[in-house]
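Down below is the structure, laid out as structure tokens.
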Amino acid sequence: MAAPTAGRLAALGRRLAAPARAWLPGLTQVRWSRYDPSYLEPEVNKELYRKPLEELSEEEKMQQELKALQPIKATPSNVTSSVFSDPTISKFTNMMMKGGNKVLARSIVTQTLETIKRKQIEKYHQASEEERESIECNPYIIFHQALKNCQPIIGLCNIQKGGKTYQVPSPLKDNRKRFLAMKWLITECREHKHHRTFMHEKLSQELLQAFNNEGPVIKRKHDMHKMAEANRAYAHYRWW
Amino acid sequence: MLRSVKGVICQGPKLDSGYFLHASARAWLSAAVNQDAQIPAEKPRAVFRTNESNPANHAEQHEGQHYSIPLQEVKVVFPHGLPYRFQMQMKTFNESCLMVRKPALELLGYLKSTNLAHPAIRYVIYGEKGTGKTMTLCHAIHYCAKQDWLVLHIPDAHVWVKNCRELMQSSYNKERFDQPLEASTWLKNFKTSNDHFLKEIKTQQTYMWSKRESTEKGRPLGEVVEQVSPEELTLVHNLRKMVVNDWNGGAIVTTLSQTGSLFKPRSAYLPHELLGKEGFDTLDPFIPIRVSNYSQREFESCYQYYLDRKWLQHDRARTEEGRKELLFLSNSNPWQLERISAYL
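If you read the protein sequences in the order shown, they are chains A and B.
Per the working numbering, the first sequence starts with residue 662, numbered consecutively.
Per the working numbering, the second sequence starts with residue 157, numbered consecutively.
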């Protein structure tokens, strides 16, 4: 009798102790979670669990104790404890996905990585000794570097003033940059591809071009920069 | 009646394999890039590679090691028959390396001790998907080509039965149908691998060959294909005549595969399941050779080979964690391991 009421009291206490900014008058939450705010995020990294007790700092020890008592959210199915998992690749796969067909999207991405690796290794084995050091064979490094090269530094945003909408140059957040790079790459491959070419073939070509700072995606990034430079006069319209 | 003509058997120079390995391993290393650490580098390299390129000299000590076939020889011996992914791998690495495994050694032992006067013995290589049946067959073919046997290699009998574009009525027997496209491609490839034998044949009869060896990929017999059944196809009819062991002076080696077979469940791999009653009765009696997944040693060898050829590029793949994960994900299945390491 006492134990269930104690549990209910604890839940009530947690809800009352939750910060008041969870709800403000005039603001409705767009993204909400079915989980109570007290639920903790799951820890998938195996390395952290293997550390012996002595190496943990005070903060980490407190976190471990908290995890023993507080409830933990369920892990989503696209998160793994595999050593080969890469969040950028997962994000890219999700953006490639159409109609929930993750199997197809993932197979395209893995085939792309394989194609890039094959091309580079062929070049490596046929090159002379001096050129071999400059050839990059790791498809993951090529992928990350290509995306980095495609990210714009400055973006444009629409601001309405005096009845007209102006394209005002403004800084971009990191997430927005990554999103734009991936979006441009995927759109470019989908639109300007011969219908008989495979997607992974076209994607591998674009990624290798972007790695060398050439190609249509880099051109689009430069176009964005030029537009921002051209609209410098309106920069003061931005108030944040 | 079949007459067996004694042909000239070509044999390579008999070398003591141990000395040969040591001497050529040293010579090979001296050409390597890393000139400084010769002696410590010998040990890891010798684990997964061997310089014994003649399959006749492969013994148990070479088990798990890769031996390379020169690319010129590959073009002659294997105009068709190597799996597609292996051909891509050959193109990427600029070399073709086969792993020496127990089933292949067993088969080579039987082939070495064949009595040419007795009727041809049938061998059936079977196993689960992706365990290396085709590669075992190719290893045996390489051995036979080196021993100067006549090799009749039919890579995939399913190709002859399915998706036929042109059918011509056979002029020899009105009830049968010819497939000119498939037959001509196969004949071209047959010519590439057995050029020197074809000059000795004067007549069109097939009975004058010195040593005969035929290889076919087994498939469930007696399946019905759209309009035409396999009994009515000339190619299939002649194939069945060859598989019946009423001739002497060679061996028949078959591989059973579920891929490409019609109306068979994916988990079926045993000869009785895949061949059906009719096929089993035709092939019976035969010597079964089971091919299974990689052992610990073979997996380690394959892993080291991929690392050496720079196929495993992910930086975590080189760690112990990555190796354990590869072992787990592929379950030591050669096909699965190859597909996973392709994108890592």
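C-beta atoms are modelled at their ideal positions from N, C-alpha and C, and glycine is treated no differently.
Exercise. Closest Cβ-Cβ distance between residue 503 of chain B and chain A: below 9 Å?
Worked result: Examination of residue 503 of chain B is not possible in this model, given that chain B is present from 157 through 500 alone.
Exercise. Is the beta carbon of residue 813 of chain A sitting closer than 9 Å to the one on residue 896 of chain A?
Worked result: For the purposes of this step, residue 813 of chain A is identified with residue 152 of the first sequence, where counting begins at 1. For the purposes of this step, residue 896 of chain A is identified with residue 235 of the first sequence, where counting begins at 1. No, they are not a contact pair.
Exercise. Got a sec? Which residues, its chain only, sit under 7 Å from residue 834 of chain A by beta carbon, not counting five neighbours each side?
Worked result: On the first sequence, position 173 is the one that residue 834 of chain A refers to. Within the same chain, residue 834 of chain A has no close Cβ partners at all.
Exercise. Applying a beta-carbon distance threshold of less than 8 Å, which residues of chain B neighbour residue 919 of chain A?
Worked result: Nothing in the structure corresponds to residue 919 of chain A, since chain A is present only between 662 and 901.
For this session: Tell me, please, which residues DSSP counts as bridged to residue 133 of chain B.
Result: No information on residue 133 of chain B is available, as it lies outside the stretch 157 to 500 that chain B covers here.
Exercise. So, helix, strand or coil for residue 184 of chain B, using DSSP?
Worked result: By one-based count along the second sequence, residue 184 of chain B stands at place 28. Residue placement at residue 184 of chain B is poorly supported in this model, since its pLDDT is 40, which falls under 50; the coordinates still yield a value, given next. Helix at residue 184 of chain B.
For this session: Please state whether DSSP places residue 822 of chain A in a helix, a strand or coil.
Result: Walking along the first sequence from the start, residue 822 of chain A turns up at place 161. Correct three-state label for residue 822 of chain A: strand.
Problem set entry | Closer than 9 Å to chain B by CB, residue 775 of chain A | In the first sequence, the residue the question calls residue 775 of chain A occupies position 114. Yes - at least one Cβ of chain B is within 9 Å of the one on residue 775 of chain A.
Exercise. Taking any Cβ of chain B, which residues in the stretch 743 to 762 of chain A have a Cβ under 7 Å from it, in chain order?
Worked result: 743, 744 and 745
For this session: Select from A/765, A/723, A/703 and A/708 the residue whose C-alpha is nearest the C-alpha of residue 735 of chain A.
Result: In the first sequence, residue 735 of chain A corresponds to position 74, counting from 1. The candidate whose alpha carbon is nearest that of residue 735 of chain A is A/703.
Exercise. Is there contact here, the stretch 449 to 459 of chain B with the stretch 262 to 272 of chain B, by at least three beta-carbon pairs under 8 Å?
Worked result: no
For this session: Buried or exposed for residue 776 of chain A, please, with buried defined as at least 16 other CB atoms from any protein chain shown within 10 angstroms of its CB.
Result: The residue you call residue 776 of chain A lines up with position 115 of the first sequence. Buried.
Exercise. Span of the beta strand (DSSP E) holding residue 406 of chain B?
Worked result: Here residue 406 of chain B is taken as the residue at index 250 of the second sequence, counted from 1. Per DSSP, residue 406 of chain B belongs to the beta strand (DSSP E) from 406 to 412.
Exercise. What does residue 498 of chain B reach in chain A if we use C-beta pairs closer than 9 Å?
Worked result: Residue 498 of chain B sits at position 342 when you count from the first residue of the second sequence. Those within 9 Å of residue 498 of chain B in chain A are 771, 772, 774, 775, 778 and 779.
For this session: Please work out which residues of its chain come closer than 7 Å, Cβ to Cβ, to residue 232 of chain B, disregarding the five sequence neighbours upstream and downstream, and give them in chain order.
Result: Translated into the one-based positions of the second sequence, residue 232 of chain B becomes position 76. Counting only Cβ-Cβ distances below 7 Å, and skipping sequence neighbours, we find 348 and 349.
For this session: Give the residues from the stretch 781 to 796 of chain A that approach chain B closer than 8 Å (Cβ to any Cβ), ordered along the chain.
Result: 782, 783, 785, 786, 787 and 790
Exercise. To which residues of the same chain is residue 750 of chain A closer than 6 Å at the C-beta, ignoring the five residues directly before and after it?
Worked result: Counted from its first residue, the first sequence places residue 750 of chain A at position 89. Cβ neighbours of residue 750 of chain A beyond the five flanking positions: none.
For this session: For residue 478 of chain B, return the contacting residues in chain A, with the cut-off set at a CB-CB distance below 8 Å.
Result: Counted from its first residue, the second sequence places residue 478 of chain B at position 322. What residue 478 of chain B touches in chain A: 744 and 745.
Problem set entry | Nearest residue (CA-CA) to residue 494 of chain B, options B/239, B/226, B/224 and B/391 | As a first step, residue 494 of chain B is located in the second sequence; it is residue number 338 there, counting from the start. The residue with the shortest Cα to Cα distance from residue 494 of chain B is B/239.
Exercise. What whole-angstrom Cβ distance do residue 443 of chain B and residue 277 of chain B have, given they're in contact under 8 Å?
Worked result: Here residue 443 of chain B corresponds to residue number 287 of the second sequence, with the count starting at 1. Here residue 277 of chain B corresponds to residue number 121 of the second sequence, with the count starting at 1. Between residue 277 of chain B and residue 443 of chain B the Cβ distance is about 6 Å, and since that is below 8 Å, they are a contact.
Problem set entry | Contact between the stretch 815 to 822 of chain A and the stretch 756 to 768 of chain A (3+ Cβ pairs under 8 Å) | no
Problem set entry | Cβ shell of residue 381 of chain B (< 6 Å), same chain only, five flanking positions each side left out | The residue given as residue 381 of chain B occupies position 225 in the second sequence. With a pLDDT of only 26 at residue 381 of chain B, under 50, the local geometry of the prediction cannot be trusted, and no value is derived from it.
Exercise. Roughly how many whole angstroms lie between the Cα atoms of residue 338 of chain B and residue 790 of chain A?
Worked result: The residue labelled residue 338 of chain B in the question sits at position 182 within the second sequence. The residue labelled residue 790 of chain A in the question sits at position 129 within the first sequence. If I take the Cα positions, the gap works out to 45 Å.
For this session: Ignore the nearest five residues each way along the sequence and tell me which others in residue 862 of chain A's own chain have a CB closer than 8 Å to its CB.
Result: The count along the first sequence starts at 1 and reaches residue 862 of chain A at position 201. Closer than 8 Å at Cβ, skipping near neighbours: 776.
Exercise. Going by alpha carbons, who is nearest to residue 397 of chain B out of B/421, B/417 and B/438?
Worked result: In the second sequence, residue 397 of chain B corresponds to position 241, counting from 1. Among B/421, B/417 and B/438, the Cα nearest to that of residue 397 of chain B belongs to B/438.
Problem set entry | DSSP three-state assignment for residue 816 of chain A, whether helix, strand or coil | To locate residue 816 of chain A, count along the first sequence from 1; it is residue 155. Correct three-state label for residue 816 of chain A: strand.
Problem set entry | Residues bridged to residue 886 of chain A (per DSSP) | Translated into the one-based positions of the first sequence, residue 886 of chain A becomes position 225. Answer by DSSP bridge pairing: none, since residue 886 of chain A is not bridged.
For this session: Starting from residue 481 of chain B, find everything on chain A with Cβ-Cβ shorter than 9 Å and list it in chain order.
Result: Indexing the second sequence from 1 puts residue 481 of chain B at position 325. Within 9 Å Cβ-Cβ: 743, 744 and 745.
Exercise. Can residue 454 of chain B and residue 286 of chain B be called in contact, C-beta distance under 9 Å?
Worked result: The count along the second sequence starts at 1 and reaches residue 454 of chain B at position 298. The count along the second sequence starts at 1 and reaches residue 286 of chain B at position 130. In this structure, residue 286 of chain B does not lie closer than 9 Å to residue 454 of chain B by Cβ.
For this session: Using beta-carbon positions only, say whether residue 395 of chain B and residue 310 of chain B come within less than 9 Å of one another.
Result: Within the second sequence, numbered from 1, the residue matching residue 395 of chain B stands at position 239. Within the second sequence, numbered from 1, the residue matching residue 310 of chain B stands at position 154. It is a contact, given that the beta carbons lie within the stated cut-off.
Problem set entry | Neighbour-count burial assignment, residue 718 of chain A, 16 or more Cβ in a 10 Å radius | If you number the first sequence from 1, residue 718 of chain A lands on position 57. Classification for residue 718 of chain A: exposed.
Exercise. In its own chain, which residues sit with a C-beta less than 6 Å from the C-beta of residue 694 of chain A, not counting the 5 before and 5 after it?
Worked result: On the first sequence, position 33 is the one that residue 694 of chain A refers to. Here the set comprises nothing.
Exercise. Along chain A, in chain order, which residues have C-beta atoms closer than 8 Å to that of residue 466 of chain B?
Worked result: Counting from 1 along the second sequence, the entry for residue 466 of chain B is found at position 310. Neighbours of residue 466 of chain B on chain A, chain order: 782, 785 and 798.
Exercise. Residue 850 of chain A by DSSP, collapsed to three states: which one?
Worked result: Reading the first sequence from its first residue, position 189 is the one you call residue 850 of chain A. Residue 850 of chain A: helix per DSSP, three-state reduction.
Exercise. How many angstroms separate the CA atom of residue 151 of chain B from the CA atom of residue 406 of chain B?
Worked result: Absent from the structure is residue 151 of chain B, since the part of chain B shown begins at 157 and ends at 500.
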